[in-house]
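Chemist:
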Amino acid sequence: MSKTHVTTSINASLHEFLCEPGDTLLDVLRNELQLTGTKEGCGTGDCGACSVTLNGRLVCACLVLAVEVEGMEVGTIEGIGQSDSLDVIQEKFLEHAALQCGICTPGLIVSTKALLDENPDPTEAEARYYLAGNLCRCTGYDKIIRAVMDAAATLGGAKEGV
Amino acid sequence: MVEQTIGKSVQRKEDLRFITGKGRYTDDINLPGQAYAVFVRSAVAHAKIKSIDSSEAESFPGVRAVLTGGQVADDGLGSLPCGWMLHSKDGSEMKQPPHPVMAADKVRYVGEPLAMVIAETRKIAKDAAELVAVDYEELPATAMVNQAQEGAQIHAEAPHNICYEWELGDQEATEAAIASAAHVTRYSLVNNRLIPNAMEPRAALADYNPGSDELTLYTTSQNPHLARLILTAFVQLAPEHKLRIIAPDVGGGFGSKIFVYSEETALAWAAKKLGMAIKWTAERSESFLADAHGRDHVTEAELALDGTGHFLALRVKTTANMGAYLSTFASAVPTYLYGTLLAGQYKTPNIYVEVDAVFTNTAPVDAYRGAGRPEATYVLERIVNLAAVELNIDPVELRRRNLIQPGDFPYQTPVALEYDTGDYEASLNKALERAGYADFSSRQEEARSRGKLRGIGVSCYIEACGLAPSRMAGSLGAGVGLWESGEVRVNPTGSVTVLTGTHSHGQGHETTFAQLVASKFGISVDDVEVVHGDTGKLDFGLGTYGSRSLAVGGSALSKAADKVIEKGYKIAAHLLETERDKIDFDDGEFRVRDSNQSKTFQEIAFAAYVPHDYPSEELEPGLSEKAFYDPVNFTYPAGTHICEVEIDPETGKVEVVRFTVVDDFGTIINPMIVEGQVHGGVAQGLGQALLENCVYDEAGQLQTGSYMDYAMPRADDLPAFSVDTTVTPCTHNPVGAKGCGEAGTIGSPPAVINAITQALGIRDISMPATPEKVWRALGAGRAHV
Ligand code: FES
Ligand code: FES
Chain A
1 MSKTHVTTSI
11 NASLHEFLCE
21 PGDTLLDVLR
31 NELQLTGTKE
41 GCGTGDCGAC
51 SVTLNGRLVC
61 ACLVLAVEVE
71 GMEVGTIEGI
81 GQSDSLDVIQ
91 EKFLEHAALQ
101 CGICTPGLIV
111 STKALLDENP
121 DPTEAEARYY
131 LAGNLCRCTG
141 YDKIIRAVMD
151 AAATLGGAKE
161 GV
Chain B
1 MVEQTIGKSV
11 QRKEDLRFIT
21 GKGRYTDDIN
31 LPGQAYAVFV
41 RSAVAHAKIK
51 SIDSSEAESF
61 PGVRAVLTGG
71 QVADDGLGSL
81 PCGWMLHSKD
91 GSEMKQPPHP
101 VMAADKVRYV
111 GEPLAMVIAE
121 TRKIAKDAAE
131 LVAVDYEELP
141 ATAMVNQAQE
151 GAQIHAEAPH
161 NICYEWELGD
171 QEATEAAIAS
181 AAHVTRYSLV
191 NNRLIPNAME
201 PRAALADYNP
211 GSDELTLYTT
221 SQNPHLARLI
231 LTAFVQLAPE
241 HKLRIIAPDV
251 GGGFGSKIFV
261 YSEETALAWA
271 AKKLGMAIKW
281 TAERSESFLA
291 DAHGRDHVTE
301 AELALDGTGH
311 FLALRVKTTA
321 NMGAYLSTFA
331 SAVPTYLYGT
341 LLAGQYKTPN
351 IYVEVDAVFT
361 NTAPVDAYRG
371 AGRPEATYVL
381 ERIVNLAAVE
391 LNIDPVELRR
401 RNLIQPGDFP
411 YQTPVALEYD
421 TGDYEASLNK
431 ALERAGYADF
441 SSRQEEARSR
451 GKLRGIGVSC
461 YIEACGLAPS
471 RMAGSLGAGV
481 GLWESGEVRV
491 NPTGSVTVLT
501 GTHSHGQGHE
511 TTFAQLVASK
521 FGISVDDVEV
531 VHGDTGKLDF
541 GLGTYGSRSL
551 AVGGSALSKA
561 ADKVIEKGYK
571 IAAHLLETER
581 DKIDFDDGEF
591 RVRDSNQSKT
601 FQEIAFAAYV
611 PHDYPSEELE
621 PGLSEKAFYD
631 PVNFTYPAGT
641 HICEVEIDPE
651 TGKVEVVRFT
661 VVDDFGTIIN
671 PMIVEGQVHG
681 GVAQGLGQAL
691 LENCVYDEAG
701 QLQTGSYMDY
711 AMPRADDLPA
721 FSVDTTVTPC
731 THNPVGAKGC
741 GEAGTIGSPP
751 AVINAITQAL
761 GIRDISMPAT
771 PEKVWRALGA
781 GRAHV
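These protein sequence lines are chains A and B, in that order. With my numbering, you'll find the first sequence wraps up at 162, consecutive numbering, no jumps. With my numbering, you'll find the second sequence wraps up at 785, consecutive numbering, no jumps.
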C-alpha cells in the first residue's frame, strides 16, 4: 500500500513521517515517532488515554487519522513539561498523588491543560464534567480533581500577579 | 539527622516518570525486528472445532506464521493449571478439566483463543486473522449461572457442570438455631458479574535468543515469579533458568493480571518456536472478552435473631460461576476468601455456608479486587440491614448489639478464622460522626422540600488479607506457600537497593517500601531504590494480590533490614575496637555506648565493601541480606462505610452526595497513598453498586463488550470522599500493617444499596441500581400506595 508523506508540528517541532491511510495519529505517535507518553486504553474514543491537542483543541488521537494532521499543530504530554521543567498541572498531580498506575495520567494532564486553557477558573462540577471523558480505574478521581482545582487556583493566582 | 518518614505523606517516587509520559509499560517496549501477533478467537460460546483452514491467512503478504491450538497440543504444552485444590463435601477433589493454551478440539466461551497469526505489522496480522476460517459444530450453550446444573455439559469431567460442592461451618447447629429463633430474615441476591478493566490492556512481548536458548517475556503481570513457576513447572514452556519474566510498569491490575493467561503463554511458545521476538497487545474488546471476570454469585441467605436482636445463626447457600475454565486462583475465591468472611464484625455463634461452583460457557471468573470478600460483605451487610428494618431497630443499633468487642480478641469465628485484633465500634463511631449520621433527618427533610429522596446506608466490613500463612494455605489446598521474600542491598556508598517479590502496579511500593527501609537505617528515602517485577533480579516472590504487599512483603524487607543492621553492628564493633553489645544503632549511626566514638551507616557500608583490615574469617565482606517472611495469621483490616444518596424521582438517577469511610489498617506508612487506595477501591465498589454489569445472553454472547455498553465510573459519577482511620496495629507482623488495597471495594456496595433502599422505602434493589431500575422501583412503590 502506498504511504502518504505528512509534515506536522509536534510539540512545536517539525516532524515528517510516512503513514498508511488507515493509521491513526495514535499509531504514528507511539510506533513511528516513539512518543509513547500518549497511551491507548480503548482505541474507540471512550477512555481519553490518548488525549492530545490538535491546533489547540482536545482530541482523542485514536480517532484522528494520521494523514489528517498535515500542516497542523499536535500537542502531546511530552510537550507539556519534562522532569526538570514541570508544568504547574504536573506539579499538582505530583503533590496530590493524583495518580496510581499512571497509565491514564498523560491523557488526564493533557485534558486538564485543555480545560484550564478554556476555563481557567472551573467549578469542581465543571472540572468533573470536562474530565469525564478520561477514564481512571485507580484513583476514584478525587485526588485528580483536587490537583486540577489546585492547579487552577495556582495559575489564577499567578495571573492576578501579572 | 535525617527526617523520619513513617506515617508521613511522602510524595510518590514513581510519579515523576508517569506525569512526564516516561513510564515504560509493556506496550511501550519494542525490540528490533519484532513481529506482531493477533489471536483468532471463538465467535461462539460452545462448539466442536471441525476444522481450521489457515491457508489463505498464511499466504497473506507479510504473514510469518499461523499457529493453532492443535500445534500447541502437538508440541506437548501442558494445560494452564488452577493453583488451589478444593474438596467437595463428600471429600472428592474438585473437577479440574484441562485448560488448553489455545483451544484445539472444542471451544467453550466466546473469545477463547484458538489460533494466532504472526505478521510483520499488527495491521497485517489483524487482516489475516479475519481470513482464518473456522468450521464449528455448534453445541447448546450454558451461559447463565443459575441454569448451569441443568444446562448442556461443558466438560466431560464435570457432570451437571459442577466443579465442586463445598461447605464450611456447623450445619446442624446452624439449622437448629434457625429453627428455634424468634426471628429469621431471608434474602435472595445476585452479586453482579464485573469486568475488571485495568486501563492498561494486557500485553506481552516475547523474545527468544537461539544462541543461549533464553526466552524473555515482558508481560503485564502482578506476579512475574509465580507466572514463571507456572509456565515452567506446569506448562513446560521452557526450563525455569531459561525463562526470564519482566513485568515493567503495569497499568493497574485489580486481580486481573495475577493469572497466567493463554495469550502470553502462546506468545512465548511461538517466539521460541519461530525464533523471533513477537508482541501482542490486547484491544479493549479483547479485555472485555478474555480477561478473567469477577463476582457472579447467586445466593440465598437466612439470618436468625433472638428476641433482643442478637444474631444466632447465619446460613448461606451460593452458586458461584467459574466460567468455562478454572483460572489460576478461581477455586479459592468463592470459598476460602468468601465463606470464611461471613462472620464479619459480629459474634454470630453459628454459621454454615455451602458453595456450588459451576462451569458455564463464559469467560473464566477469578479474583477481582476484594475477591470473595466483597461478596461475603454484601450478603452480610445487606441481610443485617434487612433484619433491622424487619425488626424496626435502627440499623446502626442492631450492628452495635452484635459487634465483637476489643476484649474478645483473639476471636475465633465459627468459619475458621481467628481475628487477632480490632476495635470495630471505634471506627463505627468515628464514621457516624464524620458522616453527620445524627443530623441525617434534617438533610432528608431539606431534600424532600426540593422534591428529592435522600437515604443513608451503613456497612461494617472485615477482610482477611496478607495471604497467607503458608502452612494454613497448604492445608486448605493452596499449591504454593504464600510467604514473601525481600532483599536489602546496601551499596558501598550507603545508598540502598531494595528488591521485593511483590509487584507495584499503582500501589506506590517504590515509595512505601523505601520509607520502611529508610526509617530502619536512618537514611533518606531518596537513597533507597525499590526494584520489583523481574525474575532476573530477585530469586523468587509471590507477587501482589489480596492486599498482601506491605503486610507480607514489607515484613520480609523489615527482617532483611534487621539482618543488615545486625551485620552493621559487627562491622562497627570491629572498626571501633569494641564489642557488639556495647554499640547502639540509632539515627543512622553506630555509637559506642558512653563514648563519643561512632560510625555512620555510610561508613559501615563502605568498610563492608572495601575492607583493608577485616576479620574475613568471621565476617564476610559486603552488606546485603535476604529474608523471607511467612505470616503466622491473616491480617484483619476492618472499618465502616457510610453512604448518603439523593435520588431524583423524575429520572431515577442516584447521586452519591456523601461517602464516608473509616478504616483500621493497622500501622500506616504513607497516609496519602493509603487514602488513594481507599478512594480507588470505593470507586470500584460504587461502580458495582450503581453502574457496572457484565451481561451474557442465553447463547453466551457478551452483550457488554465495550465502554458504550459497560458503564465505568467517570469523574462526574463520583463524589469527593471523606476518609479517615483508626489504628490497632496488627499483632503478628513486624510492620503492624494489615493491608489497604481492597477494603474500599469490599465495604462500599452494601452501604450504597442500604442507602438507596432506605431512600426509596423498598426492601431490595439489585446491583447495579441504574436509573431505570430505581425509576421502576419508584413506579412499583407508587402503584402499591
Ligand atoms: S484510546 Fe483513544 S479514547 Fe481510549
Ligand atoms: S492511575 Fe491507573 S488508571 Fe488512572
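For every residue, glycine included, the Cβ atom is placed at its ideal position computed from N, Cα and C. All of these numbers come straight from a predicted model, not from anything done at the bench.
Could you have a look at residue 744 of chain B and say whether DSSP puts it in helix, strand or coil?
Modeler: Helix, per DSSP.
Chemist: Could you please give the first and the last residue of the uninterrupted beta strand (DSSP E) stretch that includes residue 297 of chain B?
Modeler: Start and end: 297-305.
Chemist: Quick test of your reading: residue 757 of chain B and residue 746 of chain B, contact by CB under 8 angstroms. State the CB separation rounded to the nearest angstrom.
Modeler: Not confirmed; about 19 angstroms, so no contact.
Chemist: The beta strand (DSSP E) that contains residue 321 of chain B, what's its start and end?
Modeler: 311-323 is the span of the beta strand (DSSP E), which, as asked, contains residue 321 of chain B.
Chemist: For residue 721 of chain B, which residues in chain A fall below 8 angstroms Cβ to Cβ?
Modeler: In chain order: 140 and 142.
Chemist: Starting from residue 269 of chain B, trace the alpha helix (DSSP H) in both directions and tell me its first and last residue.
Modeler: Residues 262-274.
Chemist: Taking Cβ-Cβ distances below 7 angstroms as the criterion, which residues of the stretch 742-753 of chain B are in contact with chain A?
Modeler: Hits within the stretch: zero.
Chemist: May I ask whether a heavy atom of ligand 1 can be found less than 7 angstroms away from the beta carbon of residue 716 of chain B?
Modeler: No, the beta carbon of residue 716 of chain B sits no closer than 7 angstroms to any heavy atom of ligand 1.
Chemist: So, using beta-carbon positions, are residue 221 of chain B and residue 238 of chain B closer together than 8 angstroms?
Modeler: No, the Cβ-Cβ distance between residue 221 of chain B and residue 238 of chain B is not below 8 angstroms.
Chemist: Can you tell me where the alpha helix (DSSP H) with residue 373 of chain B in it begins and where it stops?
Modeler: Residues 373-391.
Chemist: What does residue 513 of chain B reach in chain A if we use C-beta pairs closer than 7 angstroms?
Modeler: The contacting residues do not exist; residue 513 of chain B stays about 15 angstroms from chain A at best.
Chemist: Using beta carbons (cut-off 8 angstroms, strictly below), is residue 221 of chain B in contact with chain A?
Modeler: No, no contact with chain A.
Chemist: How about residue 155 of chain A: is its C-beta nearer than 8 angstroms to some C-beta of chain B?
Modeler: No, residue 155 of chain A does not count as interfacial toward chain B.
Chemist: Beta carbon of residue 42 of chain A: closer than 7 angstroms to some heavy atom of ligand 1?
Modeler: The answer is yes for residue 42 of chain A.
Chemist: Can you tell me whether residue 610 of chain B is buried or exposed, with buried defined as 16 or more other CB within 10 angstroms of its CB?
Modeler: Under this definition residue 610 of chain B is an exposed residue.
Chemist: Rounded to whole angstroms, what's the CA-CA distance from residue 95 of chain A to residue 160 of chain B? Just pull it up for me.
Modeler: Going by the C-alpha atoms only, they are around 55 angstroms apart.
Chemist: Is any beta-carbon of chain A found at less than 8 angstroms from that of residue 500 of chain B?
Modeler: It does not: the Cβ of residue 500 of chain B has no partner Cβ on chain A nearer than 8 angstroms.
Chemist: Please compile the residues from chain B whose C-beta is within a distance smaller than 9 angstroms of the C-beta of residue 106 of chain A.
Modeler: Near residue 106 of chain A (Cβ distances below 9 angstroms), the residues of chain B are 18, 19, 20, 21 and 23.
Chemist: Name the chain A residues that come within less than 9 angstroms of residue 543 of chain B, Cβ to Cβ?
Modeler: Residues of chain A passing the Cβ test: none, with the nearest at roughly 16 angstroms.
Chemist: Residue 117 of chain A by DSSP, collapsed to three states: which one?
Modeler: Here residue 117 of chain A sits in helix by DSSP.
Chemist: Within a Cβ cutoff of 6 angstroms, which residues of the same chain sit near residue 78 of chain B, ignoring the five residues on either side of it in sequence?
Modeler: So the qualifying residues of the chain are 234, 235 and 236.
Chemist: Any beta carbon of chain A sitting closer than 8 angstroms to that of residue 784 of chain B?
Modeler: Here residue 784 of chain B scores only 44 on pLDDT, less than 50, and its place in the model should not be relied on; the value that follows carries that caveat. Not closer than 8 angstroms to any Cβ of chain A, the Cβ of residue 784 of chain B fails to qualify, so no.
Chemist: Does the beta-carbon of residue 345 of chain B have 16 or more other beta-carbons within 10 angstroms, so that it is buried, or is it exposed?
Modeler: With 16 or more Cβ atoms within 10 Å of its Cβ, residue 345 of chain B is classed as buried.
Chemist: Buried or exposed, going by whether 16 or more other CB atoms sit within 10 Å of the CB of residue 353 of chain B?
Modeler: Flag for residue 353 of chain B reads buried.
Chemist: Per DSSP, which residues does residue 8 of chain A bridge with? Please list them.
Modeler: The partner list for residue 8 of chain A (beta bridge, DSSP) reads A:15.
Chemist: Residues of the stretch 246-261 of chain B with a CB closer than 9 angstroms to any CB of chain A: list them in chain order, please.
Modeler: Correct list: 249, 250, 251, 252, 253 and 254.
Chemist: Can you tell me whether DSSP reads residue 133 of chain B as helix, strand or coil?
Modeler: Residue 133 of chain B: strand per DSSP, three-state reduction.
Chemist: What span of residues does the alpha helix (DSSP H) with residue 473 of chain B cover, start to end?
Modeler: Residue 473 of chain B -> alpha helix (DSSP H) spans 470-475.
Chemist: Taking C-beta to C-beta, are residue 778 of chain B and residue 649 of chain B nearer than 8 angstroms?
Modeler: Closer than 8 angstroms, so yes.
Chemist: Following a CB-centred definition, is residue 508 of chain B positioned closer than 7 angstroms to any heavy atom of ligand 4?
Modeler: Ligand 4 is not part of this structure, which contains only ligand 1 and ligand 2.
Chemist: So does residue 100 of chain A have its beta carbon nearer than 7 angstroms to some heavy atom of ligand 2?
Modeler: Yes, since a heavy atom of ligand 2 falls inside the 7 angstroms radius drawn around the Cβ of residue 100 of chain A.
Chemist: Is any heavy atom of ligand 1 found at a distance shorter than 7 angstroms from the C-beta of residue 48 of chain A?
Modeler: Yes, since a heavy atom of ligand 1 falls inside the 7 angstroms radius drawn around the Cβ of residue 48 of chain A.
Chemist: What are the start and end residues of the beta strand (DSSP E) that includes residue 613 of chain B?
Modeler: Counting along the chain, residue 613 of chain B falls outside any beta strand (DSSP E), and DSSP gives it neither H nor E.
Chemist: Using the rule of at least 16 other Cβ atoms within 10 Å of the residue's Cβ for burial, across every protein chain shown, is residue 776 of chain B buried or exposed?
Modeler: Label assigned to residue 776 of chain B: exposed.
Chemist: Can you look up residue 165 of chain B in the DSSP assignment and give me helix, strand or coil?
Modeler: Residue 165 of chain B: strand per DSSP, three-state reduction.
Chemist: Mapping DSSP to helix, strand and coil, what is residue 690 of chain B?
Modeler: Of the three classes helix, strand and coil, the one that applies to residue 690 of chain B here is helix, per DSSP.
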